[in-house]
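Written out below as C-alpha cells is the structure these notes cover.
Residue numbers (the numbering used here), protein chains in the order written: chain U, 11 to 194; chain S, 330 to 549.
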C-alpha cells in the first residue's frame, strides 16, 4: 500500500473538513479574547479568513462555497443555528456570497504581498475578509433592504473594529498552524 | 440535529423537492416588486397558517428566527433614516421588512418539509450538464457527506479542548485553543484522505506523481 493520499483527494478532504470547521465555529459559544478585555467574537467570519490563509485562495473559496451549499441544503450551521435556503433571502445574503470571494482574495494575497508572514496574513485577511466581503455584502443589503448604499455603508462601520480583531486573530492562528505543520 | 428537515406526511412533504424549489424561486421573483403592506401581511398570515397546519414542531421552528431579529431591526432603522424619519418612510420600511420575513419563512417551509437527500438529488440533476466542464457530482456528493459527517466529530473535539482548558484554568476558554484545533483538523483531513484513497477513491489518477509521505509534510 502506498503511503499518503493523492494530492487531489487531500485537497478535497481539507476543503470539506474546513467547511465543517466553519460550521463548528458557528455552533460553539463566542470565543473570548483576553487581550481585548474579553470581547466575545462570533467566529464564523474568522473561519472564512482562516480558510483563505490556511488552504490558499482556490481551496479556501471552494471550502466556503461548500459550507454555504450544505447550509442551503438545510443544515443549521450558520451562527445562531440558522440554515436552509431562507438565509439567502435575508438582507445579509450578500455577505455570505462575499465570504466566497473574500476567502479567495485572502488566500491569493497572502502569498503575493510583500513583508513578514504575519503582517502579510493580516493585510490579506483585512483586504479579502473585510474589504471584499463588504464590497459584495453592502450593495446586496442595500438592494434587499431598499436602503441607499451610503447609509448601509455608514451602518456597517460599527462592525469594522470586531472584524479587524478577527483578521489579526486569523493571521496569528494561521501563522501558528504553519509553525506546527510545516511550511506549505 | 444536522438537518432542518422535520419528517412528516403532509401534502407539502409529498410534493417533489424540485417542484417546491421551483415554486420558491418563482415566489421570490413575484414578491420582488410587492409594496402593498396589507397584501404582504396577508401573505405572512397565510404562511404562518401553513406552519400551524404542520404542527407544533413546525411552529417551534419559528424561534430559530431570533438571530434574524437584530438584522431586521438594523434594516428598519436604516430605512427610517433613509426615509427622513417620516411616517410614510417608516411604512415603506415595514413593508420591505415583512417581505423579507415572508421570503425567509417560505424558504424555511421548503427546508423543513424536504429531506436533505432529496435536496441533494435535485442539485445533482441541476449540475449534470456541468459534467463536461469537469464538475463531478460524485465528488460533490462525497464532499457534502464529509461536511455533514465531520461537524459532530469536530464539535466533539472542540468541546474536549474546552473541557481540558476548564480543568486547568478558571478563566473562560479563549482564542488560544484555536491553533491546536486547526492543526488537529488538518491532521484529521490527511488521515481521512489516506483512508479514502486506500479504498480506491483516487485510483483514477494513478498517473499522478507520488504523494508526499505521512509525517513528511516538510517535503512540500
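Ideal Cβ placement from N, Cα and C applies to all residues, glycine included.
Just mark residue i as buried or exposed, buried being the case when its beta carbon has 16 or more other beta carbons within 10 Å.
i                      : result
residue 526 of chain S : buried
residue 453 of chain S : exposed
residue 420 of chain S : exposed
residue 101 of chain U : buried
residue 378 of chain S : exposed
residue 345 of chain S : exposed
residue 80 of chain U  : buried
residue 64 of chain U  : buried
residue 169 of chain U : exposed
residue 495 of chain S : exposed
residue 78 of chain U  : buried
Let me make sure I understand the geometry here. Which of the options has the alpha-carbon closest to that of residue i?
i                      : options                    : result
residue 514 of chain S : U/27, U/20, U/22, U/17     : U/27
residue 349 of chain S : S/382, S/397, S/447, S/386 : S/447
residue 400 of chain S : U/81, U/80, U/79, U/90     : U/90
residue 473 of chain S : U/59, U/135, U/75          : U/75
residue 38 of chain U  : U/165, U/131, U/86         : U/86
residue 156 of chain U : S/347, S/338, S/369, S/418 : S/418
residue 137 of chain U : U/159, U/113, U/183        : U/113
residue 187 of chain U : U/122, U/93, U/61          : U/61
residue 481 of chain S : U/18, U/29, U/34           : U/34
residue 361 of chain S : U/99, U/67, U/110, U/184   : U/99
residue 195 of chain U : S/497, S/505, S/494        : Outside the modelled stretch of chain U, which goes from 11 to 194, sits residue 195 of chain U, for which no answer is possible.
residue 204 of chain U : S/439, S/342, S/427        : With chain U represented from 11 up to 194, any question about residue 204 of chain U goes unanswered, as that position is not in the structure.
residue 407 of chain S : U/73, U/171, U/165         : U/165
residue 23 of chain U  : S/522, S/365, S/455        : S/522
residue 172 of chain U : U/184, U/135, U/159, U/161 : U/135
residue 337 of chain S : S/359, S/443, S/424, S/414 : S/443
residue 82 of chain U  : S/394, S/437, S/475        : S/437
residue 342 of chain S : S/380, S/462, S/355        : S/380
residue 369 of chain S : S/389, S/479, S/435        : S/435
residue 363 of chain S : S/461, S/493, S/489, S/429 : S/429
residue 479 of chain S : U/17, U/120, U/94, U/31    : U/31
residue 485 of chain S : S/466, S/462, S/510, S/499 : S/510
residue 143 of chain U : U/36, U/115, U/25          : U/115
residue 150 of chain U : S/404, S/359, S/455, S/366 : S/404
residue 450 of chain S : S/461, S/469, S/366        : S/469
residue 7 of chain U   : U/29, U/189, U/20, U/163   : An answer regarding residue 7 of chain U cannot be provided, because it is not within the stretch 11 to 194 covered by chain U.
residue 145 of chain U : U/103, U/92, U/20          : U/103
residue 567 of chain S : U/92, U/68, U/185          : Residue numbering for chain S in the displayed model covers 330 to 549; residue 567 of chain S lies beyond these limits and cannot be assessed.
residue 106 of chain U : U/120, U/66, U/59          : U/59
In whole angstroms, what is the alpha-carbon distance linking residue i and residue j?
i                      : j                      : result
residue 376 of chain S : residue 432 of chain S : 10 Å
residue 410 of chain S : residue 396 of chain S : 23 Å
residue 5 of chain U   : residue 148 of chain U : Here chain U has residues from 11 to 194 only, and residue 5 of chain U is not among them.
residue 124 of chain U : residue 130 of chain U : 7 Å
residue 392 of chain S : residue 332 of chain S : 16 Å
residue 97 of chain U  : residue 176 of chain U : 23 Å
residue 152 of chain U : residue 140 of chain U : 17 Å
residue 440 of chain S : residue 340 of chain S : 14 Å
residue 57 of chain U  : residue 508 of chain S : 12 Å
residue 425 of chain S : residue 524 of chain S : 51 Å
residue 182 of chain U : residue 386 of chain S : 43 Å
residue 335 of chain S : residue 95 of chain U  : 15 Å
residue 18 of chain U  : residue 25 of chain U  : 11 Å
residue 108 of chain U : residue 71 of chain U  : 10 Å
residue 110 of chain U : residue 133 of chain U : 18 Å
residue 69 of chain U  : residue 21 of chain U  : 7 Å
Per DSSP, what kind of secondary structure is residue i in: helix, strand or coil?
i                      : result
residue 395 of chain S : coil
residue 343 of chain S : helix
residue 65 of chain U  : helix
residue 503 of chain S : strand
residue 156 of chain U : coil
residue 338 of chain S : coil
residue 83 of chain U  : coil
residue 378 of chain S : helix
residue 88 of chain U  : strand
residue 27 of chain U  : helix
residue 481 of chain S : helix
residue 332 of chain S : coil
residue 520 of chain S : helix
residue 528 of chain S : coil
residue 15 of chain U  : coil
residue 54 of chain U  : helix
residue 508 of chain S : helix
Taking 7 Å as the cut-off, is the beta-carbon of residue i closer than that to any non-hydrogen atom of the ligand FAD?
i                      : result
residue 398 of chain S : Annotation note on the ligand FAD: not contained in the displayed structure, which lists no ligands.
- Task: Give, in chain order, every residue of the segment 462-476 of chain S whose Cβ lies closer than 9 Å to some Cβ of chain U.
- Result: Result list: 468, 469, 471, 472, 473, 474, 475, 476.
- Item | Interface residues of the segment 88-106 of chain U facing chain S [CB-CB below 7 Å] | If you check each beta-carbon in the segment 88-106 of chain U against every beta-carbon of chain S, the ones closer than 7 Å belong to 89, 90, 91, 92, 93, 94, 95, 96, 99, 100, 101, 102.
- Taking only beta carbons into account, state which residues of the segment 17-30 of chain U come closer than 8 Å to chain S, listed in chain order. Answer set for the segment 17-30 of chain U: 17, 18, 19, 20, 22, 23, 24, 25, 26, 27, 28, 29, 30.
- Could you please tell me which residues of the segment 126-154 of chain U, in chain order, have their CB closer than 7 Å to any CB of chain S? Here the close residues are 154.
- Message: Can you pull out the residues from the segment 171-190 of chain U whose beta carbon lies closer than 7 Å to at least one beta carbon of chain S?
- Response: If the cut-off is 7 Å between Cβ atoms, the segment 171-190 of chain U has 179, 183, 186, 187, 190 near chain S.
- Message: Please list, in chain order, the residues of the segment 508-535 of chain S that have any C-beta partner in chain U closer than 7 Å.
- Response: Answer in chain order: 508, 511, 512, 514, 515, 517, 518, 519, 521, 522, 523, 525, 526, 527, 530, 531, 534.
- Listed in chain order, which residues of the segment 444-461 of chain S have Cβ atoms closer than 9 Å to some Cβ of chain U? Cβ contacts with chain U: 444, 445, 448, 449, 452.
- Message: Counting only Cβ-Cβ distances shorter than 9 Å, please list the residues of the segment 344-374 of chain S near chain U, keeping chain order.
- Response: Correct list: 350, 353, 357.
- Could you run through the segment 408-422 of chain S and flag, in chain order, every residue whose CB is less than 7 Å away from some CB of chain U? Of all residues in the segment 408-422 of chain S, only 408, 410, 411 come within less than 7 Å of chain U when Cβ atoms are compared, listed by chain position.
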